[in-house]
Amino acid sequence: MVIKKKKPWQIPEREATPEDIYLSRRQFIKKAGIYSLSAGVFMSGANGLFDIFKKPDEERILRLPKTPTSALYPAKRNPAYAPGRPLTDELVAAKYNNFYEFSSFKSVWKHVDRLEPRPWQVEIAGLVEKPRIYDIDELVRSMPLEERLYRFRCVEAWAMTVPWTGFPMKELIKKVSPLSSAKYVSLQTFYNKDWAGQQKIRFWLPWPYVEGLTMEEATNELTFLATGIYGHELPKQHGAPIRLVTPWKYGFKSIKSIVRIEFTSVQPKTFWNTLVPDEYDFRANVNPEVPHPRWSQETERIIDTDERVPTVKYNGYGDYVAGLYKGLATST
Ligand SMILES: Nc1nc2c(c(=O)[nH]1)N[C@H]1C(S)=C(S)[C@@H](COP(=O)(O)O)O[C@H]1N2
Ligand SMILES: [Mo]
């Protein structure tokens, strides 16, 4: 019997991150067509390399922020949107994340200690009648918190099903009265090099992480601003203290740790679309018929069981969202 021993520099397959290939400076420069004499090779995710020698510490994985609004969890579950799949194990979901500000490996939870989810403000700006700055706890208290079970599908072809706590984005939009000239919503993550090592090391990337939606998408009943998961507040690696969830789109649209929401007349320039426009389009609806340039989208892997299942168009949420895209010529 041949026993294949893993070399310490071999990253386990589950840790590898297909999405991040263009985060290396060389690739970015090539892709962006920028000429540079000093296109050195970047030590891709060296922190992740050493992770494999460490023992996971389960208490640390789920360490939760204690906040003035912790008592609001768990919120009442909304029985609509039954996901038709079992919930993913909480620890599996908490140890398998994408959050490139901290790491390009899935063990993000080991690198988020310095993120401070309090005090936290969310600025509402741009084409609205009532621009304002919310303190996060004031925002959470003023919104109808509920729990929703949603399927979640990353463009890397892994999937999970999780209980989010939060409120529909359209409830917030109603409060700030957008002008009729507002056609898009741009959402922005924090930019803090003291918290997020990758914002410092990979300084050439188009930080802060930005995502965007059309107004019709942002006001769709599914579009959710999550402040909690599994009946408590979001652990840092899931995007504390507030993140977007658009379950019919690939996961990269679901931007974490939001500090700014701006209403605009032009399509926002987003992080991934700026980096690799032909791989991460603005719309990014889940669609098994449109392969990613580097891998198929026909099936997806459930992260806690490793089961492979067929991908469903709009991640199965077509009844709610297909109407948004009627008659539009697009790949996704
Ligand atoms: N700010 C920020 N938001 C982000 C990301 C990121 O790197 N930075 N990654 C996205 C991607 S690619 C995915 S798949 C989801 C993962 O969410 P989860 O880790 O809570 O499962 O977060 C999205 N939101
Ligand atoms: Mo993703």
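The numbers in the sequence shown follow the numbering used here, run straight up by one, and end at 1177.
All C-beta atoms in this analysis are idealised placements derived from N, C-alpha and C, irrespective of residue type, glycine included.
Remember, it's a predicted structure, so these values are computed and weren't measured experimentally.
Which residues does DSSP pair with V1007 in a beta bridge?
-> The beta-bridge partner set that DSSP reports for V1007 consists of Y995.
Per the contact definition of three or more C-beta pairs closer than 8 Å, is the segment 1147–1161 in contact with the segment 1010–1021?
-> Touching, no, given that fewer than three Cβ pairs across the two stretches are closer than 8 Å.
Rank T1177, E1145 and N942 by C-alpha distance to the C-alpha of W1003 and give the top, closest one.
-> Ranking T1177, E1145 and N942 by Cα distance to W1003 puts E1145 first.
If you drop the 5 nearest sequence neighbours on each side, which residues of the same chain put their C-beta closer than 6 Å to that of P1133?
-> Listed in chain order, the non-local C-beta contacts of P1133 below 6 Å within the same chain comprise Q1142, E1143 and T1156, local neighbours out to five positions each way being set aside.
Examine the Cβ distances between the segment 1054–1063 and the segment 960–975 and report whether three or more of them are shorter than 8 Å.
-> By the criterion of at least three beta-carbon pairs nearer than 8 Å, the segment 1054–1063 is not in contact with the segment 960–975.
Just the Cα atoms here: how many angstroms apart are M888 and K1045?
-> Because the pLDDT of M888 is 36, which lies under 50, any placement of that residue in the model is unreliable, and the question is left without a value.
Measure the CB-CB distance between W1093 and V1000 and report whether it falls below 8 Å.
-> Not a contact, by the Cβ cut-off of 8 Å.
Can Y1125 and R998 be called in contact, C-beta distance under 8 Å?
-> R998 sits away from Y1125, with the two beta carbons spaced by 8 Å or more.
If you count every other CB in all the chains shown that lies within 10 Å of the CB of Y945, and 16 or more means buried, which is it?
-> Buried is the call here.
What are the boundary residues of the beta strand (DSSP E) that L1017 is part of?
-> Looking at the DSSP string, L1017 is not in any beta strand (DSSP E); the run it does join, the alpha helix (DSSP H), is M1014 to V1021.
If we ignore side chains and look at the alpha-carbon of each, how far apart do E1066 and L868 end up?
-> The straight-line gap from Cα to Cα measures roughly 33 Å.
Between the CA atoms of L994 and I978 - distance to the nearest angstrom = Roughly 29 Å separates the two Cα atoms.
Would the beta-carbon of E864 be found less than 7 Å away from any heavy atom of ligand 1?
-> Remark: the C-beta of E864 is in contact range of ligand 1, defined as less than 7 Å to any heavy atom.
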